[in-house]
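Count the sequence shown with the numbering used here and you get residues 12 to 122, in order.
Even glycine gets a Cβ: it sits at the ideal position worked out from N, Cα and C.
Note sheet for the following structure.
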Amino acid sequence: MKFTSLGRALSARAGVSYEELVRSRILAPLGMSDSTFRPTDEQRSRIGNQTGGRVGFFAHTDDFAATQARLVDAGVQFQEQPRHEPYGTVAVFSDPFGNRWDLIEPKVLSQ
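Written out as structure tokens, the structure reads:
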């Protein structure tokens, strides 16, 4: 069953819009007053800035070069050339929302 169909069925049963159903039954009881289906301009301005401009997300790969090539082919722009750190190969890229990611191929430790 699609989530859209489920949402419609739940809101029809409750007699309120899906947005109101989620707000009253989930968001409000959890104190999530800043969560919404229709963000304000001020809320939109915070999207992509959850980490204050720093890297906040990490994508691990077993093949850095191949993964980077696939991402570049898909239109992803890397903000730096790959660098080799003691923990592995890494480079920073941003997603469409401005979130900064590290693509990392961890160094394999010899046994």
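Residues sharing a beta bridge with residue i, DSSP
{"i": "residue 116", "result": "100"}
{"i": "residue 111", "result": "66 and 105"}
{"i": "residue 94", "result": "101"}
{"i": "residue 89", "result": "104"}
Sub-8 Å separation of residue i and residue j beta-carbons
{"i": "residue 88", "j": "residue 68", "result": "no"}
{"i": "residue 91", "j": "residue 102", "result": "yes"}
{"i": "residue 46", "j": "residue 32", "result": "no"}
Residue i to residue j span [Cα, whole Å]
{"i": "residue 56", "j": "residue 98", "result": "34 Å"}
{"i": "residue 106", "j": "residue 13", "result": "27 Å"}
{"i": "residue 62", "j": "residue 110", "result": "8 Å"}
{"i": "residue 20", "j": "residue 38", "result": "19 Å"}
{"i": "residue 15", "j": "residue 121", "result": "49 Å"}
{"i": "residue 108", "j": "residue 44", "result": "22 Å"}
{"i": "residue 93", "j": "residue 65", "result": "17 Å"}
{"i": "residue 95", "j": "residue 77", "result": "16 Å"}
Contact test: residue i Cβ vs the ligand SAM heavy atom, cutoff 7 Å
{"i": "residue 50", "result": "Absence of the ligand SAM from the depicted structure is noted, as is the absence of any ligand whatsoever, leaving it without description."}
Counting beta carbon pairs with one atom in the segment 102-122 and one in the segment 70-84, are three or more of them shorter than 8 Å?
yes
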